[in-house]
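Participant: In this text, residue positions in the sequence shown follow full-length UniProt numbering: the first is 1, and each later residue adds one.
Ideal Cβ placement from N, Cα and C applies to all residues, glycine included.
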Amino acid sequence: MLSTVSPTSITRSSLEEMLESLRRRDEKPKDVPPALPARPTSRARLPSARRSLPVNFKIANKRPEYLSNDSGRDEKKELGPAIEKESGFEGVILGSKKLKAEPPVESPYVRMAEMETCEERLEEPEDLDSGAVTSSSPPLIQERGWDDNVGYVLKKKLKVWCRPPNAQWELGKIQSVSGDDATIFLSDGVVTVSNENILPANPDILEGVDDLLQLSYLNEPSVLHNIRQRYACDKIYTKAGPILVAINPFKAVFLYGNDFVSAYRQKLKDNPHVYAIADTAFNEMMRDEVNQSIIISGESGAGKTETAKIAMQYLAALGGGSGIENEVLQTNPILEAFGNAKTLRNDNSSRFGKLTEIYFGTTGKICGAKIQTFLLEKSRVVQRAKGERSYHIFYQLCAGAPPPLKERLNLKEANEYEYLKQSDCLTIVDVDDARRFHILMEALDTVQICKEDQENAFAMLAAVLWLGNISFSVIDNENHVEVVADEGIEACPPIYLVLY
1 MLSTVSPTSI TRSSLEEMLE SLRRRDEKPK DVPPALPARP TSRARLPSAR
51 RSLPVNFKIA NKRPEYLSND SGRDEKKELG PAIEKESGFE GVILGSKKLK
101 AEPPVESPYV RMAEMETCEE RLEEPEDLDS GAVTSSSPPL IQERGWDDNV
151 GYVLKKKLKV WCRPPNAQWE LGKIQSVSGD DATIFLSDGV VTVSNENILP
201 ANPDILEGVD DLLQLSYLNE PSVLHNIRQR YACDKIYTKA GPILVAINPF
251 KAVFLYGNDF VSAYRQKLKD NPHVYAIADT AFNEMMRDEV NQSIIISGES
301 GAGKTETAKI AMQYLAALGG GSGIENEVLQ TNPILEAFGN AKTLRNDNSS
351 RFGKLTEIYF GTTGKICGAK IQTFLLEKSR VVQRAKGERS YHIFYQLCAG
401 APPPLKERLN LKEANEYEYL KQSDCLTIVD VDDARRFHIL MEALDTVQIC
451 KEDQENAFAM LAAVLWLGNI SFSVIDNENH VEVVADEGIE ACPPIYLVLY
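#1: Under a Cβ-count criterion, where at least 16 other Cβ atoms within 10 Å of its own Cβ denotes burial, should arginine 287 be classed as buried or exposed?
#2: Go through its chain and collect everything with a Cβ distance to isoleucine 489's Cβ below 8 Å, but skip five positions before and after it.
#3: State the Cα-Cα distance for the pair glutamate 416 and tryptophan 466, rounded to the nearest angstrom.
#4: What does the alpha-carbon distance come out to for the pair asparagine 456 and isoleucine 227?
#5: Along the chain, where does the beta strand (DSSP E) that runs through glutamate 170 open and close?
#6: Cutting at 8 Å between CB atoms, please list the residues of its own chain near glutamate 106, excluding the five before and the five after it.
#7: Quick check on DSSP: helix, strand or coil for proline 200?
#8: Tell me, which residues are paired with glutamate 357 by DSSP?
#9: In terms of alpha-carbon separation, which member of Val290, Gln372, Gly353, Val160 lies closest to asparagine 340?
#10: Throw me the rounded Cβ distance for the leucine 186 and glycine 208 pair, which I believe falls under 8 Å.
#11: Looking at the unbroken beta strand (DSSP E) that takes in lysine 159, where does it start and where does it end?
#12: In whole angstroms, what is the alpha-carbon distance linking glutamine 168 and lysine 251?
#13: From the DSSP output, in three-state form, read off valine 209 for me.
#14: Around the C-beta of valine 429, are 16 or more other C-beta atoms found within 10 angstroms, so that it is buried, or is it exposed?
#15: Give me, in chain order, the residues of the same chain whose beta-carbon lies closer than 8 Å to that of residue 520; leave out the 5 immediate sequence neighbours on both sides.
#16: For the putative contact between isoleucine 184 and valine 190, defined by C-beta atoms under 8 Å, what is the C-beta separation to the nearest angstrom?
#17: Quick check: the stretch 313–324 against the stretch 276–293, are there 3 or more CB pairs under 8 Å?
#18: With which residues is serine 350 paired in a DSSP beta bridge?
#19: In whole angstroms, what separates the C-alpha of threonine 331 from that of arginine 163?
#20: Would you call the stretch 366–385 and the stretch 445–455 in contact, with 3 or more CB pairs under 8 Å?
#21: State the Cα-Cα distance for the pair glutamate 213 and isoleucine 174, rounded to the nearest angstrom.
#22: Does the distance from the CB of aspartate 347 to the CB of glycine 400 come in under 9 Å?
#23: Could you name the residues of the same chain whose beta carbon sits closer than 7 Å to that of glutamine 229, not counting the 5 residues immediately before and after it, in chain order?
#24: List the residues that DSSP assigns as beta-bridge partners of aspartate 181.
#25: Between the beta-carbon of glutamate 195 and the beta-carbon of serine 222, is there less than 9 Å?
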């Protein structure tokens with residue numbers, strides 16, 4: 001059966017529905033706020049049912065009687081953890097997370113909280129009724145320092161580091177503790193020291209670990225003892241996270257060469273080493289395409305110069321193949337000759353700072369380098385302490401210059417120049433200055449410095465040496481001086497004309 005509906009009836013019904021809705025809206029009281037829009041359907045988990053507090057719930061100094069042991073636990077599970085203090089239930093946190101109502105009894109935070117409560121109880125006014133509030137637990141007495149590592153080792157009588165008066169740190173074992181002092185058994189006797197001069201020692205299983213971060217106790221004597229144990233086994237490198245600690249062995253150690261380079265490149269070794277630091281920097285540079293920096297710092301004689309050369313040798317091995325890596329490495333003897341000198345603490349001390357930038361291509365090959373120098377110690381040329389030398393280049397030039405060059409520059413032996421003999425130190429043990437000069441000449445040729453520029457540099461050095469031999473005499477009472485015509489003036493090289 002089919003039925004037909006005219007368009008007029010359809011329009012009329014729609015209009016009627018709209019009017020009916022307007023009429024119902026006008027019939028609502030004006031003071032009623034508009035209805036909120038319907039909340040969209042959410043897939044989130046509905047909140048768990050929450051139970052309201054009992055009608056007869058009151059705050060008291062003790063647990064409410066209607067909360068039995070079992071029901072109290074169930075109530076805490078549903079209502080959340082309650083903050084329970086001496087004064088009663090101070091607050092209740094409602095939530096769906098099931099947290100422990102009370103921390104463990106052995107936790108130090110509970111003991112500290114109870115101590116604070118005891119102190120607050122002692123500070124209450126005296127006019128309060130003393131029988132109103134009672135505590136069934138005995139007062140806790142917190143012993144000094146027993147909540148930290150020192151207190152633990154004192155209690156367990158473990159190995160410790162102790163520092164007797166006017167002495168260094170020594171390793172010992174606690175015998176007894178009396179107040180603020182402890183009796184320590186050392187290898188050479190028994191001493192009594194204050195607890196303030198005691199630090200915990202690491203167990204024997206951590207003796208000589210590769211990484212200092214593996215130590216249970218990171219204090220000064222423990223760190224130094226671990227480094228010393230490794231140094232005694234010719235393990236001069238120790239890690240401290242991303243930092244490498246290097247100790248100068250002052251002797252030849254067999255930790256370098258092509259075999260070690262290949263082992264660290266192939267990840268066959270993971271021991272602390274300069275190669276490992278350089279390898280990490282190179283890999284991160286190639287992976288992230290971000291410049292990397294290796295900072296080498298330390299006091300005089302720590303081995304900064306040698307460490308820098310070792311790192312450059314490894315990087316040259318990684319980025320070799322272009323031929324530039326050899327030129328980069330040959331800059332080291334040049335910089336050492338003109339910028340290093342013997343001091344009382346170091347036979348090859350760098351008297352300047354330097355920043356070496358090595359550039360790599362997208363394939364990992366070295367494509368260039370740049371070296372910047374800073375703060376050269378110029379005063380060392382004319383004055384220095386007894387037992388020290390001026391810059392190596394002066395002694396190398398006097399000992400190793402070929403006869404034709406010596407004749408052109410009027411060079412003499414090093415002991416004939418005032419600038420060199422004033423400190424009573426002309427040689428270095430086990431160092432051949434003549435051989436070092438020949439190595440310098442080869443390095444200058446490798447970095448493509450022409451012979452004319454080389455000879456001009458040597459002539460300038462000879463002029464500096466002869467300047468130290470010039471004598472002056474006072475000619476009046478106002479300390480005016482004049483140059484004395486002696487060998488210092490007569491033997492000056494031709495470069496002197498430029499200096500004047």
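Facilitator: Once the coordinates are examined:
#1: As a working mapping, residue 287 is identified with position 287 in the sequence shown. Result: exposed.
#2: As a position in the sequence shown, residue 489 is number 489, starting the count at 1. For isoleucine 489, where only same-chain residues beyond five positions count, the Cβ hits under 8 Å are Ile470, Val483.
#3: Here residue 416 corresponds to residue number 416 of the sequence shown, with the count starting at 1. Here residue 466 corresponds to residue number 466 of the sequence shown, with the count starting at 1. Going by C-alpha positions, glutamate 416 is about 10 Å away from tryptophan 466.
#4: One-based indexing of the sequence shown puts residue 456 at position 456. One-based indexing of the sequence shown puts residue 227 at position 227. Straight-line Cα distance between these residues: approximately 48 Å.
#5: Position 170 of the sequence shown, counting from 1, holds the residue named residue 170. Glutamate 170 -> beta strand (DSSP E) spans 170–178.
#6: On the sequence shown, residue 106 is found 106 positions in, with the first residue counted as 1. At glutamate 106, the pLDDT of 48 sits below 50, so the modelled position is not reliable; the number obtained from the coordinates is stated separately. Hits under 8 Å: none found.
#7: By 1-based counting over the sequence shown, the position of residue 200 is 200. The answer is strand: DSSP assigns proline 200 an E or B state.
#8: Taking the sequence shown and counting its residues from 1, one reaches residue 357 at position 357. Looking at the DSSP output, glutamate 357 shares a beta bridge with Lys370.
#9: In the sequence shown, the residue the question calls residue 340 occupies position 340. Nearest C-alpha to asparagine 340 among Val290, Gln372, Gly353, Val160: Gly353.
#10: If you number the sequence shown from 1, residue 186 lands on position 186. If you number the sequence shown from 1, residue 208 lands on position 208. The Cβ separation is near 21 Å, so there is no contact.
#11: Residue numbering aside, residue 159 sits at position 159 when the sequence shown is read from its first letter. Here the beta strand (DSSP E) through lysine 159 covers 159–162.
#12: Position 168 of the sequence shown, counted from the start, is the residue given in the question as residue 168. Position 251 of the sequence shown, counted from the start, is the residue given in the question as residue 251. A direct Cα-to-Cα measurement between glutamine 168 and lysine 251 gives close to 27 Å.
#13: As a working note, residue 209 is residue 209 in the sequence shown. The answer is coil: DSSP assigns valine 209 none of H, G, I, E or B.
#14: Taking the first residue of the sequence shown as position 1, residue 429 is located at position 429. Looking at its Cβ environment, which holds fewer than 16 other Cβ atoms inside 10 Å, valine 429 is exposed.
#15: The structure shown does not extend to residue 520, since the chain is modelled only from 1 to 500, so the question has no answer here.
#16: By 1-based counting over the sequence shown, the position of residue 184 is 184. By 1-based counting over the sequence shown, the position of residue 190 is 190. Correct: roughly 7 Å between the Cβ atoms.
#17: With the cut-off at 8 Å, the stretch 313–324 and the stretch 276–293 touch.
#18: Residue numbering aside, residue 350 sits at position 350 when the sequence shown is read from its first letter. Answer is Asn340, bridged to serine 350.
#19: Within the sequence shown, the letter at position 331 stands for residue 331. Within the sequence shown, the letter at position 163 stands for residue 163. Approximately 48 Å between the Cα atoms of the pair.
#20: No: fewer than three Cβ pairs fall under 8 Å.
#21: For the purposes of this step, residue 213 is taken as residue 213 along the sequence shown, with counting starting at 1. For the purposes of this step, residue 174 is taken as residue 174 along the sequence shown, with counting starting at 1. According to the sequence provided, residue 213 is leucine. The question's glutamate does not apply to it. Roughly 25 Å between the two C-alpha positions.
#22: Here residue 347 is taken as the residue at index 347 of the sequence shown, counted from 1. Here residue 400 is taken as the residue at index 400 of the sequence shown, counted from 1. Not in contact: aspartate 347 and glycine 400 (Cβ atoms no closer than 9 Å).
#23: Within the sequence shown, residue 229 is the residue found at index 229, counting from 1. Around glutamine 229: Glu207, Gly208.
#24: Taking the first residue of the sequence shown as 1, we reach residue 181 at position 181. Paired residue(s): Ser178, Ser194.
#25: The count along the sequence shown starts at 1 and reaches residue 195 at position 195. The count along the sequence shown starts at 1 and reaches residue 222 at position 222. Residue 195 is actually asparagine in this sequence, not glutamate. Not in contact: asparagine 195 and serine 222 (Cβ atoms no closer than 9 Å).
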